[in-house]
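Enquirer: Numbering (our numbering), first residue to last: 238 to 358.
1) Once DSSP output is grouped into helix, strand and coil, what is the label at residue 285?
2) What first and last residue would you give for the beta strand (DSSP E) that runs through residue 253?
3) Enumerate in chain order the residues of its own chain whose CB-to-CB distance from residue 266 is below 6 Å, with the five nearest sequence positions on each side excluded.
4) Which one of 276, 337, 300 has the shortest CA to CA distance from residue 322?
5) Look up residue 275 in the DSSP assignment and give the residues it is bridged to.
6) Hey, could you find the ends of the beta strand (DSSP E) residue 315 is sitting in?
7) Going by DSSP, what residue range makes up the alpha helix (DSSP H) through residue 292?
8) Residue 261 lies in the beta strand (DSSP E); which residues open and close that run?
9) Are there 16 or more other CB atoms within 10 angstroms of the CB of residue 304, so buried, or fewer, so exposed?
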């Protein structure tokens, strides 16, 4: 899939959305979950934006990893062909997701007493 030039939509309070065009010219929208920029390159973790509730259920937990490349002076996103690299990236992204979501869980449970001994009668 190739990234379209004007396809990044940013909302100050919402997710960043990319529209990618596949080899047949079909557009697909993705939410940018995270970006890793390391010695191997720049990689995006993307979540499909789905409108059908059943598709959302079927795709739960599914995300895609693409590499940012420059081709003919344009930034494009390409599939990662190296399986070992893809596995390493998936581990890194998932570790980062766990940190992010565990922080959110910790914040939402911050008002609960730690143990029953702290509760006064």
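Where a beta carbon is used, it is the ideal one built from N, C-alpha and C, also for glycine.
Expert: For this structure:
1) strand
2) Counting along the chain, residue 253 falls outside any beta strand (DSSP E), and DSSP gives it neither H nor E.
3) 254, 256, 286
4) 276
5) 278
6) Element bounds for residue 315: 311-316.
7) 290-295
8) Taken as a continuous stretch (DSSP letters only), residue 261 belongs to no beta strand (DSSP E), as it is neither H nor E.
9) buried
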